[in-house]
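With the UniProt record's numbering applied, the sequence shown corresponds to residues 1 to 535, in that order.
Quick notes on the structure that follows.
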Amino acid sequence: MGNDLDVVVIGAGFAGLYMIHRLRGLGIAVHGLEAADGVGGTWFWNRYPGARCDSESYYYCYAFSRELEQEWDWSERYPGQAEILSYLEHVADRFDLRRSISFSTTVVSASWDGDRWVVDTEDGARWTCRWLVTAVGCLSSANVPDIPGLASFAGTWHHTGQWPHEGVDVAGRRVGVVGTGSTGIQAIPVLAEAAGHLTVFQRTANFSIPARNAPLSPEEAAGYKADYAAIREVQQASTNGHPFVVSDVDTLALPDDERRALFERAWERGGLRFRAAVRDVLADPAVNEQASEFIRSKIRSTVTDPDVAEALTPRDHPFATKRPPIDTDYFETYNRPDVSLVDVRADPIAEITPGGVRLASGAEHPLDVLVFATGFDALSGPLLRLGLRGRDGLALADAWAEGAATYLGLGVAGFPNLFTITGPGSPSVLTNMPTSIEQHVDWIADVVAHLRAHDLDAEPTPEAQARWADHVREAADATLLPQAASSWYLGANVPGKPRVFLPYAGGFARYRGMCDAEAQAGYPGFALRARRQVA
Ligand code: FAD
Ligand code: NAP
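Structure follows, in structure tokens:
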């Protein structure tokens, strides 16, 4: 195989693997470029203690192969990082995908030369292709805060999304964690078990629901396998790609004791499904406040020190307007004598010293290991890092100076023959992602087959892109989601990042219908040009 291809796919996580499989099935010459030295994406990189899925194992997996569905056995309700990585390695082997991927190959730039994409990698190689597909993930650009003095730290520090494969020895050591998002909330209880002392630096208190993880019994696993057709149907018709039907119970109409009992049942069942226990939790502030207050009451009754409980109680954003974490013994961990909570909203981190963290007040926290659970430059970040240049040398960074804009999250005006799996403006991170990924991959495989059959190039029209941007904004504004001012959904976690609501909040099933309609109508939102006319 030479370096000139029909399609180059960047990334070999859930998205890249399936994209390569689909395109190969169509007889299209495709090759994948992956920065890591193995497959798995998120599950290759995020090896921090406690890393685990929040989607349940029976549906955090591909749906495209009935055989794969039946032959893979999950061991727990929520699979851990190592198990998901094994699953993706199995997929790569089962479908013989590794021969179509160059590993340890980081794309540093990709330019449209008027006829093809020219893709350059860090090792000096060059690839050319007619269609470029990004499968770089929404949460793959680590966000390490720019805190003065970090380079002087005499201990070791790590971002959770770039965790060393050999692990980090925290036994008996003084460990600090910055961040209490989904990652911090998973890592903190596990780190507390091993560390000598754990200090949590919290800027924003977070809601969290107990995961209630447990081994998956053979009977449960067999039940899911027998039910897959129905499970997949519910997912396809859902708002979030999860196989839950959102309850139609109006909690505002319920007497207090019935409402409390309903929330208690949802709390006992645990997991992301808590959100689906009542209707309108993300639409009606009064309903949301009931759910929020229920969780606050659980924090108060779990954490024994009332001051610590209050510091852990979220009051600045409605429940689930930031991605709600699920946990195993998160709040309980603060009852340990060897765990301290530091409120860095009240007393911000001023600098990192050789010995630890110094706060604005001058208070010092001596540390041996510092863990940044500080999240990602989400959705647009991994795409901007590709150094993309479209027609007439247009840089993506310039095209997106005011914020990421796409058509359907699938392509960008000015960037011919570029397709973006789970790009900004698609449901992506608001859904169970394998479901959204498969929908995007199938759509992209179809459009590439269509363009090849008719010898066309395609890019979104500026008009279609502008209409879509309006719709993405309206869909977000119809919910409470934009009320979380510091949310990464808005880009607010990265200094200087334009504030644009990034994912599409109109629901997975509705979105899928719009993508299908676009294809059925012959791609009216795209300028389709016969090959020779493209400049
Ligand atoms: P990724 O898995 O992020 O893969 C992208 C790949 O692209 C990476 O391997 C990366 O190395 C590669 N890449 C990026 N840039 C370049 C470049 N310039 N050159 C070469 N290669 C490049 N989603 C859920 O639905 N449910 C969950 O419970 C859930 N849990 C999560 C837990 C964690 C800790 C994290 C971080 C995310 C979680 N997610 C979850 C989201 C998760 O990212 C997706 O579910 C899914 O794994 C994304 O797959 P992907 O292939 O799109 O992207
Ligand atoms: P995150 O949600 O962005 O949380 C980052 C945390 O770090 C926040 O508490 C943030 O505080 C804090 N922070 C950032 N910069 C800081 C600074 N300079 N000083 C002090 N605190 C700082 O990131 P994440 O927890 O890695 O999660 C990102 C997403 O990945 C999740 O929302 C989810 O989609 C996915 N994820 C999923 C799972 C799962 O499903 N199992 C697990 C992990 C991650 P503020 O809130 O004040 O900004």
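Where is the CB? At the ideal position from N, CA and C, for every residue including glycine.
Quick caveat: nothing in here was measured; it's all calculated off a predicted structure.
{"query": "Cβ-heavy atom distance, G375 to ligand 2, below 7 Å", "result": "yes"}
{"query": "C-beta contact flag for V278 and T251 at 8 Å", "result": "yes"}
{"query": "Spatial neighbours of Y441 in its chain, beta-carbon cut-off 6 Å, leaving aside the 5 residues before and after", "result": "The question names Tyr, but residue 441 is Val in the sequence shown. Counting only Cβ-Cβ distances below 6 Å, and skipping sequence neighbours, we find Y18, M19 and R22."}
{"query": "Check whether A360 and L456 have beta carbons under 8 Å apart", "result": "no"}
{"query": "beta-carbon L502 near ligand 2 non-hydrogen atom, thresh 7 Å", "result": "no"}
{"query": "Residue burial classification, H31 (beta-carbon count within 10 angstroms, cutoff 16)", "result": "buried"}
{"query": "Burial state of R315, where buried means 16 or more other Cβ atoms lie within 10 Å", "result": "exposed"}
{"query": "Own chain partners of residue 543 with C-beta closer than 6 Å, once the 5 adjacent residues on each side are dropped", "result": "Nothing can be reported for residue 543: it is not among the residues displayed for the chain, which extend from 1 to 535."}
{"query": "Classification of I299 by the beta-carbon crowding that lies within 10 angstroms, buried from 16 upward", "result": "buried"}
{"query": "beta-carbon C138 near ligand 3 non-hydrogen atom, thresh 7 Å", "result": "Ligand 3 is not part of the structure shown, which contains ligand 1 and ligand 2 as its ligands."}
{"query": "Beta-carbon spacing of P285, P243 below 8 Å", "result": "no"}
{"query": "Proximity to M433 [Cα-Cα], best of S100, L139, L132 and V133", "result": "L139"}
{"query": "For N3, the three-state DSSP class (helix, strand or coil)", "result": "coil"}
{"query": "Cβ neighbour criterion (16 or more within 10 Å) applied to R126", "result": "exposed"}
{"query": "Near ligand 1: D54 beta-carbon under 7 Å from a heavy atom", "result": "yes"}
{"query": "Cutoff 7 Å; reference R296; Cβ partners in own chain excluding five residues on either side", "result": "T313"}
{"query": "Contact test: Y60 Cβ vs ligand 1 heavy atom, cutoff 7 Å", "result": "yes"}
{"query": "Length of the line joining the Cα atoms of A535 and N417", "result": "Note that A535 scores a pLDDT of 44, beneath 50, so its modelled location is shaky and nothing firm can be said."}
{"query": "Where Q533 falls, given that 16 or more other Cβ within 10 Å makes a residue buried", "result": "The predicted position of Q533 is uncertain, since its pLDDT is 49 and thus under 50; no value can be drawn from it."}
{"query": "Assigned exposure category for Q70 - 16 Cβ within 10 Å defines buried", "result": "exposed"}
{"query": "Heavy atom of ligand 1 within 7 Å of G381 beta-carbon", "result": "no"}
{"query": "When A51, A399 and G513 are compared against A466, the one with the closest alpha-carbon", "result": "A399"}
{"query": "Check whether V8 and L26 have beta carbons under 8 Å apart", "result": "no"}
{"query": "One or two residues paired with W157 in a DSSP bridge", "result": "L370"}
{"query": "Residues of its chain near A142, where Cβ-Cβ distance is below 7 Å and the 5 sequence neighbours each way are ignored", "result": "H159, G161, Q162 and F376"}
{"query": "Start and end residues, beta strand (DSSP E) containing F103", "result": "First-last for F103: undefined, no H or E at that position."}
{"query": "Selected residue, minimal CA-CA separation from T239, among L282, A214 and P215", "result": "L282"}
{"query": "Beta-carbon separation (whole angstroms), Q186 vs T435, contact threshold 8 Å", "result": "Rounded, the Cβ-Cβ distance is 22 Å, inconsistent with contact."}
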